[in-house]
Amino acid sequence: MALSRKPIEIVEEGKHQLLIKAPHWGRVQLSYIAEVQNGFAFESELFSTSGGVPLIRIRDIDSESTQNFYVGKRLEEYIVRRGDILIGMDGDFHSAEWKGPDGLLNQRVCRISLQSQNFDRKFLFICLQPFLNAINAETSSVTVKHLSSKTIAEIPLPLPPLAEQKRIVGKIEELFSELDKGAESLRTAQQQLKVYRQALLKHAFEGKLTSDWRAQNPDKLESAETLLTRIQQEREARYQSQLQEWKEAQQAWEASGKTGIKPATPKAPKTLLPPTAEALSELPELPEGWVYVRAEAITDFITKGTTPSKELLFDGAGEVPFIKVYNLTKTGALDFTISPTFVNQNTHCGFLSRSKVYPGDVLMNIVGPPLGKVSIVPDTYPEWNINQAIAIFRSKLVRNNLLSVFLSSEATVRRTMRKSKATAGQFNLTLEICRDILIPLCGMHEQKQLSQALDEKLSNLDQLEKNIVESLQQSETLRHSILKKAFSGNLVAQDPNDEPSSTLLERICAERVAQPAKARGSRARAPA
316 MALSRKPIEI VEEGKHQLLI KAPHWGRVQL SYIAEVQNGF AFESELFSTS
366 GGVPLIRIRD IDSESTQNFY VGKRLEEYIV RRGDILIGMD GDFHSAEWKG
416 PDGLLNQRVC RISLQSQNFD RKFLFICLQP FLNAINAETS SVTVKHLSSK
466 TIAEIPLPLP PLAEQKRIVG KIEELFSELD KGAESLRTAQ QQLKVYRQAL
516 LKHAFEGKLT SDWRAQNPDK LESAETLLTR IQQEREARYQ SQLQEWKEAQ
566 QAWEASGKTG IKPATPKAPK TLLPPTAEAL SELPELPEGW VYVRAEAITD
616 FITKGTTPSK ELLFDGAGEV PFIKVYNLTK TGALDFTISP TFVNQNTHCG
666 FLSRSKVYPG DVLMNIVGPP LGKVSIVPDT YPEWNINQAI AIFRSKLVRN
716 NLLSVFLSSE ATVRRTMRKS KATAGQFNLT LEICRDILIP LCGMHEQKQL
766 SQALDEKLSN LDQLEKNIVE SLQQSETLRH SILKKAFSGN LVAQDPNDEP
816 SSTLLERICA ERVAQPAKAR GSRARAPA
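Residue 653 in the working numbering is what sits at position 338 of the sequence shown, and the numbering runs on without skipping anything.
This is how it looks when you write it as structure tokens:
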């Protein structure tokens, strides 16, 4: 990227208002103090996963290493060295200091190399990201946002006296260090909460959370045999209900002159074999009175949704809410505030009739990553519908909140992932995998106690997690406040003995004129 040739004094003051400056400061274009270098589209045939020169892509700029290497000719004009500032030119326009070994600058990554002795390098890095955030906010895009090197080169940096730049850097480093320590402690606590949550779920579904209750209430316990008998009775009752519905539908179809699709005869429930010894060997032991059962044994027929064509979907409002994977969460709650989509009643009762869901149903995503997003359908609408990446679990034999947290637990997710089909980084669970999930089941009285205990403990954990998130957000807000104060000239004391910004600007201009064209950052040529 060539250096700017237009006078510094005419840099627009109205541009990028998110970054203000103190009245006694000047401004200088980035291209006047640094070389702005675009990356290059290196030949993919010369890429390697080992050996050669590290190839730095957007995803690598925060790292100390790369996953790709270039085995072609080493091109010095595109070499990135430790300490160079890199900017990702797609997406969120993120900047970072390169911490790895020498590497090559790949396309869509921009390198900023400070050339001036009259501008503090750390101050430059501190200035850049707020400007990039402002540019990102001003950039409109339907898909991915793109940044040009010309826009980067024309960034109007604030120009305090050099001594003040160094004082600002020192104060920011001091304050940010304290914020970083606090944030790190909060993130550590956040991870500990996640570990504790999984330990809690493990104890819950091994019967340890209700062990005292069982000891105190032996008269309310049920045997495993009783549970299995109830499962069989419930399956038979469900079949008889389906059979009656089919007979009524058959009569209606015949009365209409056999128009439309003939109602399908429901299938009698098949005999379910007990879990194999091999499958049970991978699971924790259960207390007396508990039993592992396949999900299909304690639920209605487990199926998935269907996605209609785009013209049948309505954004924002409509008759029947249509749930997509992004509406599912890992907390059991359904978040329908995210891009709510609807279908009309005709679609709901026609093309999508097999994927109707109702309040209390448990929904799980079967396409990831991430897997383990499980939510309970709320009662804000009497009926809902779902897309093809979601499976339905509906049961009268296990409480829906227990089923939800069990399906979303890391142990369950890991077991299902081992059986899933992985294609190009995407995990897909078949309905057979869903139906074969082994679920620990106990009697209804104990389920009630377990449900209450889990709800209370998980609610406390959720509140702690919320407090941590709010504290992290406050830390980030304070960080922005410190930067705003710094760039308004109010973070450090003013020193009347500092060299004026106008004099510093004159020295920068003289410095640039005195440097050879190459050092001034003339545009690098693409390799032949």
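Just so you know, even glycine gets a beta-carbon here, dropped at the ideal spot from N, CA and C.
Report yes if the CB atom of residue i is closer than 7 Å to the CB atom of residue j, and no otherwise.
i, j, result
"T644", "S690", "yes"
"I483", "A801", "yes"
"P584", "R545", "no"
"G367", "V386", "yes"
"W561", "P581", "yes"
"L776", "L508", "yes"
"S431", "I348", "yes"
"W605", "P445", "no"
"G522", "P599", "no"
"A519", "L773", "no"
"N702", "G620", "yes"
"R827", "N433", "no"
"Q555", "E725", "no"
When the Cα atoms are used, what is the spatial distance from residue i to residue j?
i, j, result
"P578", "L779", "52 Å"
"N451", "V677", "39 Å"
"F384", "N421", "11 Å"
"E328", "R342", "Residue confidence for E328 is low, a pLDDT of 40 falling below 50, so the modelled location carries little weight and cannot support an answer."
"D534", "P655", "48 Å"
"A552", "L558", "10 Å"
"S719", "S766", "11 Å"
"T525", "E537", "14 Å"
"K671", "M679", "14 Å"
"S378", "E358", "23 Å"
"L787", "F408", "22 Å"
"K481", "T818", "17 Å"
"T364", "Q382", "6 Å"
"Q566", "S710", "29 Å"
"I783", "T503", "10 Å"
"L501", "H663", "46 Å"
"I705", "L746", "10 Å"
"I323", "G418", "Low local confidence applies: a pLDDT of 36 at I323 is under 50, so the model's placement there is unreliable, and no value is given."
"G740", "Q505", "27 Å"
"L587", "D630", "43 Å"
"E597", "T646", "26 Å"
"V640", "I653", "10 Å"
"V459", "M404", "10 Å"
"N532", "G683", "42 Å"
"S380", "E360", "21 Å"
"D813", "I427", "27 Å"
"G575", "F666", "13 Å"
Only counting the same chain, and skipping five residues up and downstream in sequence, which positions put a Cβ closer than 8 Å to that of residue i?
i, result
"W413", "I371, I376, V395, R396, R397, G398, D399, I400, L401"
"I487", "I441, I797, L798, A801, L806"
"L334", "At L334, the pLDDT of 49 sits below 50, so the modelled position is not reliable; the number obtained from the coordinates is stated separately. Here the set comprises C442, P445, F446, A449, P473, F802."
"D435", "L477, Q480, K481, V484"
"F721", "L516, F520, T727, I754, P755"
"Q830", "Q430"
Within the same chain, show all residues whose beta-carbon is closer than 7 Å to that of residue i, passing over the 5 residues directly before and after it, in chain order.
i, result
"D694", "P674"
"L494", "S790, L793, R794"
"M732", "L686, F742"
"E499", "none"
"S735", "F742, N743, L744, I748"
"V692", "L649, V672, Y673, P674, G675, D676, L678, W699"
"V326", "Because V326 carries a pLDDT of 37, less than 50, the predicted location of this residue cannot be relied on, and the following value inherits that uncertainty. R342, Q344, P471."
"R840", "At R840, the pLDDT of 33 sits below 50, so the modelled position is not reliable and the matter cannot be decided from this model."
"G497", "S790"
Which residue wins for smallest C-alpha separation from residue i, given the options the options?
i, options, result
"E350", "K763, E469, E360, Q548", "E469"
"I617", "L744, F657, G522", "L744"
"E698", "S668, S724, S723, G485", "S668"
"P338", "T818, D813, I823, S803", "S803"
"N661", "G647, L628, G403, Y641", "L628"
"N700", "K460, T738, K496, N659", "N659"
"C425", "F434, Y393, R436, T541", "Y393"
"F438", "D417, L501, I467, A478", "A478"
"E593", "G354, P369, L753", "L753"
"Q547", "T454, R529, S492, V608", "V608"
"D751", "E771, R730, A737", "R730"
For residue i, which residues in the same chain have their Cβ closer than 6 Å to its Cβ, ignoring the five residues on either side in sequence?
i, result
"W340", "P473, L474, P475, S816"
"G354", "L420, N421, Q422, V424"
"S464", "M316, V351, N353, C425"
Tell me, please, whether the CB atom of residue i is closer than 7 Å to any CB atom in chain B?
i, result
"D810", "Absent here is chain B; the protein component of the structure consists of one chain."
inquiry  = Measuring CB atoms only, is the region 706-725 touching the region 758-776, in the sense that at least three cross pairs come out at less than 8 Å?
reply    = yes
ask   = Does the pairing of the region 632-651 with the region 607-616 give three or more beta-carbon distances under 8 Å?
value = no
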